[in-house]
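Residue numbers (the working numbering): 29 to 356.
Even glycine gets a Cβ: it sits at the ideal position worked out from N, Cα and C.
All values reported here derive from a predicted model rather than from experimental measurement.
What follows is a single structure, written as structure tokens, with notes after it.
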């Protein structure tokens with residue numbers, strides 16, 4: 029059984045043990061301010077290959093390298109524009125990932141064979157301490173099986189990955205609950221590849237015009253960054269998105285209905301769950317709620333579509349991908 033060590037802060041002895049495992053090519057799950065990450069030495073191709081095997085992750089999906097600051101990030105790129113410095117100084121450490129042309133030292137497996145590398149400096153003190161203790165960037169996608177719900181608790185990691193991970197550092201529930209915003213700076217104009225806690229308006233205030241990628245990468249196609257697949261973040265239960273007031277599914281057995289602001293009348297056979305009309309609060313709670321409903325054995329989760337304004341963009345993105353049908 030995989031060991032789970034409680035970690036109280038950046039000086040906890042568990043961090044030294046985790047760093048030793050990582051330096052030896054092992055896999056360690058650790059908390060960040062977004063979700064739990066599955067970490068390996070990001071410059072060791074064999075260690076990164078263990079991440080892909082543990083997650084069942086397609087080789088076409090790159091991983092983010094987590095660094096301890098701007099200087100470490102810059103060393104992993106072949107071109108570092110002035111915009112990257114401005115963004116790092118404003119949002120790092122924090123939930124913003126920058127996609128930039130990769131230097132030769134970044135292994136091909138990290139980049140999924142592409143020309144760019146995704147870089148982030150996490151804000152969580154445990155993540156920061158672990159990166160510093162290892163002394164190298166950590167490759168760390170979310171610590172769960174590919175396409176499934178991201179983990180916001182150490183227990184979620186253990187349930188999803190089991191003995192595929194050598195050690196789990198338990199830092200309690202994550203703060204943001206959703207993965208980082210990913211911004212591509214490798215092209216002519218900045219482009220958001222994945223919405224997240226850092227909003228488009230915040231980026232535009234610093235950069236001016238920012239484009240938003242609105243597509244979906246099909247199975248087998250190479251992604252420029254994580255989180256671009258058509259189906260992702262999916263619970264075991266079937267997730268259906270509905271317009272508020274449009275009615276309930278015909279078969280309501282083992283069904284939960286999730287509403288924002290106000291619950292409609294529901295039969296006794298359906299469990300009603302009310303979420304606040306607060307995008308940040310819902311983002312923090314979303315994956316944890318879906319984990320709870322899976323663990324309770326619900327077969328169907330009917331969720332009202334969240335509001336269309338910008339504040340809800342990241343929540344809408346996760347729900348759209350989580351409710352997408354399986355690729356054939």
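Proximal residues to residue i (C-beta, below 7 Å), its chain only, five neighbours per side dropped
| i | result |
| --- | --- |
| residue 265 | 321, 322, 326, 327, 328, 329 |
| residue 338 | 227, 228, 229 |
| residue 344 | 334 |
| residue 78 | 55, 68 |
| residue 232 | 238 |
| residue 307 | 339, 340, 343 |
| residue 129 | 105, 106, 107, 143, 144, 214 |
| residue 109 | 213 |
Check whether residue i and residue j have beta carbons under 9 Å apart
| i | j | result |
| --- | --- | --- |
| residue 218 | residue 238 | yes |
| residue 158 | residue 56 | yes |
| residue 40 | residue 145 | no |
| residue 288 | residue 177 | no |
| residue 313 | residue 163 | no |
| residue 262 | residue 170 | no |
| residue 213 | residue 117 | no |
| residue 62 | residue 201 | no |
| residue 332 | residue 271 | yes |
| residue 104 | residue 165 | yes |
| residue 269 | residue 298 | no |
| residue 120 | residue 98 | yes |
| residue 100 | residue 131 | no |
| residue 285 | residue 273 | no |
| residue 88 | residue 283 | no |
| residue 46 | residue 161 | yes |
| residue 86 | residue 248 | yes |
| residue 115 | residue 234 | yes |
Anticipated Cβ contact below 8 Å, residue i with residue j, distance rounded
| i | j | result |
| --- | --- | --- |
| residue 310 | residue 199 | Contact doesn't hold; Cβ gap of about 22 Å is too wide. |
| residue 90 | residue 139 | 5 Å |
| residue 302 | residue 317 | Not really, about 11 Å apart at Cβ, beyond 8 Å. |
Exposure label - residue i; buried when at least 16 CB within 10 Å
| i | result |
| --- | --- |
| residue 175 | buried |
| residue 150 | buried |
| residue 127 | buried |
| residue 70 | buried |
| residue 83 | buried |
| residue 44 | exposed |
| residue 293 | exposed |
| residue 349 | buried |
| residue 113 | exposed |
| residue 208 | buried |
| residue 346 | buried |
| residue 156 | buried |
| residue 305 | exposed |
| residue 236 | exposed |
| residue 240 | exposed |
| residue 257 | buried |
| residue 96 | buried |
| residue 295 | exposed |
| residue 52 | exposed |
| residue 81 | exposed |
| residue 42 | buried |
Chain-order list of residues whose beta-carbon lies under 6 Å from that of residue i (same chain, five-residue window excluded)
| i | result |
| --- | --- |
| residue 31 | 195 |
| residue 64 | 57, 171, 179, 185 |
| residue 182 | 32, 196, 198 |
| residue 193 | 30, 55, 57 |
| residue 203 | 61 |
| residue 125 | 92, 146, 148, 208, 210 |
Residue i Cβ short of 8 Å to the ligand ZN heavy atom set
| i | result |
| --- | --- |
| residue 205 | The ligand ZN is not among the ligands present in this structure, which contains no ligands whatsoever. |
Close beta carbons around residue i, own chain, < 8 Å, minus the five adjacent residues each side
| i | result |
| --- | --- |
| residue 76 | 68, 69, 70, 91, 135, 137, 138, 167 |
| residue 173 | 83, 84, 188, 189 |
| residue 221 | 127, 210, 211, 212, 241, 252, 253, 255, 256 |
| residue 191 | 29, 30 |
| residue 353 | 259 |
CB contact below 9 Å: residue i versus chain D
| i | result |
| --- | --- |
| residue 257 | Annotation note: the requested chain D is absent from the structure, which comprises a single protein chain. |
List in chain order: all unbroken beta strand (DSSP E) runs of 3+ residues lying wholly within the stretch 293-344.
-> 298-303, 328-332
Go through the stretch 82-167 residue by residue and report every complete run of the alpha helix (DSSP H) that reaches 4 residues or more, in order.
-> 98-102, 110-119, 136-139, 153-162
What residue ranges within the stretch 230-281 form continuous beta strand (DSSP E) runs of no fewer than 3 residues, ordered along the chain?
-> 266-270
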